[in-house]
Structures are given as C-alpha cells and as structure tokens.
Amino acid sequence: MDLLSRFIIALGLSADAFAVSVSDGMCGRNVTKKHALMTAVSFGFFQCMMPILGFLLGRTFSDAISSFQHLVALVLLGAIGVNMIAEAVKEYRHPENVCNTDRIFSARNLLLQGIATSIDALAIGVGFAAMKVNICTSSLLIGIVTFTVCIIGVFIGKRFGLLLGLRARLAGGILLIIIGLKIFIENLL
C-alpha cells in the first residue's frame, strides 16, 4: 500500500476524532490551548496504538486470510465508513445529544473519547496485518494526522460549531469506503 493511500486512511480514521474535537470545542467553556493539546494527545495516542494492537491480533491469522486480503480491506473499510456516515446522520437528526457533559475536557472524558474514536483503527490494524503493511510508519502517520486535526478541531468547534464536525465525519466515511473499493479493485485486476 502506497503512502498516499495510508495518508488518506489516516485522514478517514481521524474524521471521528476531529468531529468529537469540534464538538468538545463547541461544548467546552473557556477553551484553552491546554484543552486542545490534551484532546489531541489523547486522540492521537489511541489512534496510533490501536492499529498496532489490531496488527498484532491480525498477524495470528493473517496467513489464513492473506489470499482474501483485498476482500478483508473492503469489508473492514466499508463497514467503518458506513458506520461513520450513520453516526453523522444520527447526530444531525438529534443535535441536542452532542453536548452531554459539563466536564468535557476532564482526563476521564478524554480517555473514554480517545478509546471510543480509535476502535476503527483497531480494525484497520487487522487489515494492515492481512495486507502486510508496515505498521510502524502507518500507525505513526495515523497518530500524527489525528493529533494535528484534533488540535485544529477544538478551535474550529469553539469558533464554528457542530456543522463542520458532521461534514468531516461524512467525508471520512466516504474516504474509507473509496479506499476499500480501490484496494479491492486493484487486487482483482
């Protein structure tokens, strides 16, 4: 898998974290640089570590699925993308459920959000194992991209609100589906 594809996957995976960062920035009171940094570190760390965990889990059965790696990538990326789109539509229909905590930047909340937004990255790690992708550079790229977009996301949320976060989640879902289709088609030809 080329660097551009991995970068696009990183952008797609970071869309959930970006959307939550925008939401946090919108919901938080007196948002500071420290809040943005804490959010970015939490989300970036988990987005970096989950693919490694998924990769290690995936390697245990990668030989069995290596001939189907393009199908595994299509199914995993497609399912994650569809889920991201469904969550965005759900939030659009019920925006009152977005700001549901007073302690938006607490360590506990950021830890839970970091884990929740990185579950998709765990599945990507399994797919990377099947495709024999370099997990070190890929997970580092995912972590750096997520860190960067989350810092920006908190301040965008503070300034512009929920609408951009929903659009980012939709775009991220669509990107992941497209990458899954690209991998599938390339391996069929």
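Residue numbers (my numbering): 1 to 189.
Idealized CB from N, CA, C, for every residue including glycine.
Small disclaimer: the values here were computed from a predicted structure and weren't measured.
The region 176-187 touching the region 142-161, judged by at least three CB pairs closer than 8 Å: Touching, no.
9 Å Cβ cutoff met for V145 and A19: The residue you call residue 145 lines up with position 145 of the sequence shown. The residue you call residue 19 lines up with position 19 of the sequence shown. No, these two residues do not count as a Cβ contact at 9 Å.
Beta carbon of G78 nearer than 9 Å to that of L189: The residue you call residue 78 lines up with position 78 of the sequence shown. The residue you call residue 189 lines up with position 189 of the sequence shown. Judged by their CB atoms, G78 and L189 are not nearer to each other than the 9 Å cut-off.
Stretch pair the region 50-60 + the region 22-40: three plus CB contacts closer than 8 Å: No: fewer than three Cβ pairs fall under 8 Å.
Three-way DSSP call (helix, strand, coil) for M1 in this model: For the purposes of this step, residue 1 is taken as the residue at position 1 of the sequence shown. Correct three-state label for M1: coil.
S14 - DSSP class collapsed to helix/strand/coil: As a working note, residue 14 is residue 14 in the sequence shown. Of the three classes helix, strand and coil, the one that applies to S14 here is helix, per DSSP.
Residues near F45 by beta carbon distance below 6 Å, same chain, minus five either side: On the sequence shown, residue 45 is found 45 positions in, with the first residue counted as 1. The beta carbon of F45 lies closer than 6 Å to none in the same chain, with the five residues before and after it left out.
Per-residue burial, R93 [other beta carbons within 10 Å of its own, 16 or more giving buried]: As a first step, residue 93 must be located in the sequence shown, where it is residue number 93. Exposed, since its Cβ has fewer than 16 Cβ neighbours within 10 Å.
Where T32 sits in the DSSP three-state scheme: As a position in the sequence shown, residue 32 is number 32, starting the count at 1. The answer is coil: DSSP assigns T32 none of H, G, I, E or B.
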